[in-house]
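Inspection log for the structure reproduced underneath, given as structure tokens.
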Amino acid sequence: MLNHSEFLEALNGYIQRLESLSGSFKRAQSGGFYLSNEHEALSTQTIQELIDLFNDNVRNNPYSVRVAGIANEWINGYPERVSPKCIQELSSLVLAVKARAERTPEIIKGHQAAQLPAEPHWPLLHPTVLA
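Numbering (the working numbering), first residue to last: 60 to 190.
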């Protein structure tokens, strides 16, 4: 489980990776787009890693299901093949999760909220006043 800053750092790494993948598509003679086998494997790995990152680190996690949904939606009929649109949507989702984690650090499981004392401490008051 990552703490808040580690989680944000991991998201930044995935944003960079997805941007790199986005620029790696080539146009096929058929008019579609494709990635080399090396980039295809990296895209599949990235999808699984994002699912695991969100499962392991986000409270009440709706994001893992969305990552899988994006990947499945944009496969283009070819097993294990992602499209440029898939990478764009994954980038948008990761950016949205990052913005939410920056605004609301409590969504991260490793975030330590400020601990309040279990009982009030009033050393100047007589015990009967506290009761």
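The C-beta atom is built at its ideal place from N, Cα and C for all residues, glycine as well. Just so it is clear, the structure is predicted and the values come from calculations on it, not from any experiment.
- Task: Within its chain, find whatever has a CB closer than 8 Å to the CB of Ala127; leave out the 5 residues flanking it on each side and keep chain order.
- Result: Ile106 and Ile110
- From Ser95 to Ile129, what does the alpha carbon distance come to, in whole angstroms? 20 Å
- Task: Could you have a look at Arg86 and say whether DSSP puts it in helix, strand or coil?
- Result: strand
- Any idea if Ser102 is buried or exposed, counting beta-carbon neighbours within 10 angstroms, 16 or more meaning buried? buried
- Taking only the alpha-carbon atoms, compute the straight-line gap between Leu67 and Asn114 and give it to the nearest angstrom. 15 Å
- Item | Coarse secondary structure for Val117, derived from DSSP in three states | Val117 sits in a strand when the DSSP states are folded into three classes.
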